[in-house]
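K.L.:
The structure under discussion is supplied below as structure tokens; questions concerning it will follow.
Numbering (the numbering used here), first residue to last: 509 to 659.
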């Protein structure tokens, strides 16, 4: 199932096409915050190039000036087919809106796992959202559901 998401980082916004991925249970290991896997290029308009162009260097601990993003950076370990011990660079978003059919879901606590490549050959989507993210209530924060009404 496809959906549109509106990503908010530091009061900058971008819209991204996503797919609901029933196999994505990825969470940040310390806070257990859900992770949306997203192509790094989808964030060109809202994340500085000095971060997007240096994902591997940041993951490897090289000294890259992160500026105001230093408190938002997370390292996300993952396992997938073909990658036993991978690490994604994550950025804590200020929130996302998921537009799903006639509903909009506001997700306040989410990490964006930056993927350094393409998720699909046909370009139909640029992000993977775990199904459990849509019902995330951990830590006392509940997502807000609204209904879109066409007039």
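Yeah, the Cβ is synthetic: ideal placement off N, Cα and C, and Gly gets one too.
Could you pull out every residue in the same chain whose Cβ sits closer than 8 angstroms to the Cβ of residue 649, ignoring the five residues on either side in sequence?
P.N.:
Locating residue 649 in the chain shown gives position 141, where the first residue counts as 1. For residue 649, the predicted model reports a pLDDT of 44, less than 50, meaning its position is unreliable and no value from the coordinates is stated.
K.L.:
Just verifying my parser: in three-state terms, what is the DSSP assignment at residue 657?
P.N.:
Along the chain shown, read from residue 1 onward, the residue named residue 657 stands at position 149. Low per-residue confidence applies at residue 657: pLDDT is 48, beneath 50, and the placement is therefore not dependable, though the value from the model is reported in the following sentence. The answer is coil: DSSP assigns residue 657 none of H, G, I, E or B.
K.L.:
To the nearest whole angstrom, what separates the beta carbons of residue 524 and residue 622, a pair I think is in contact under 8 angstroms?
P.N.:
Numbered from 1 along the chain shown, position 16 holds the residue referred to as residue 524. Numbered from 1 along the chain shown, position 114 holds the residue referred to as residue 622. Their Cβ separation, rounded to whole angstroms, is 12 angstroms, which puts residue 524 and residue 622 out of contact at 8 angstroms.
K.L.:
Within 10 Å of its beta-carbon, does residue 659 have 16 or more other beta-carbons around it, so buried, or fewer, so exposed?
P.N.:
To locate residue 659, count along the chain shown from 1; it is residue 151. Confidence is the limiting factor: at residue 659 the pLDDT is only 45, short of 50, which leaves the residue's position unreliable, though a coordinate-based value still follows. With fewer than 16 other Cβ atoms within 10 Å, it is exposed.
K.L.:
Helix, strand or coil: how does DSSP classify residue 623 here?
P.N.:
Position 115 of the chain shown, counting from 1, holds the residue named residue 623. Residue state, collapsed to three classes: strand.
K.L.:
Roughly how many angstroms separate the alpha carbons of residue 627 and residue 635, rounded to a whole number?
P.N.:
For the purposes of this step, residue 627 is identified with residue 119 of the chain shown, where counting begins at 1. For the purposes of this step, residue 635 is identified with residue 127 of the chain shown, where counting begins at 1. Roughly 7 angstroms separates the two Cα atoms.
K.L.:
Give me the Cβ distance between residue 619 and residue 543, rounded to the nearest whole Å; I'm assuming they're in contact under 8 angstroms.
P.N.:
Start at 1 with the first residue of the chain shown, and residue 619 comes out as number 111. Start at 1 with the first residue of the chain shown, and residue 543 comes out as number 35. With a Cβ gap of about 5 angstroms, residue 619 and residue 543 count as contacting.
K.L.:
Any idea which residues DSSP pairs residue 643 with across the strands?
P.N.:
What you label residue 643 is simply residue 135 of the chain shown in a count that begins at 1. According to DSSP, residue 643 bridges with nothing at all.
K.L.:
Assign residue 536 to buried or exposed, taking buried as 16 or more other Cβ atoms, counted over all protein chains shown, within 10 Å of its Cβ.
P.N.:
Within the chain shown, numbered from 1, the residue matching residue 536 stands at position 28. Label assigned to residue 536: buried.
K.L.:
I'd like to confirm the pairing. Which residues does DSSP put opposite residue 585 in its beta bridges?
P.N.:
Within the chain shown, residue 585 is the residue found at index 77, counting from 1. Answer is 595.
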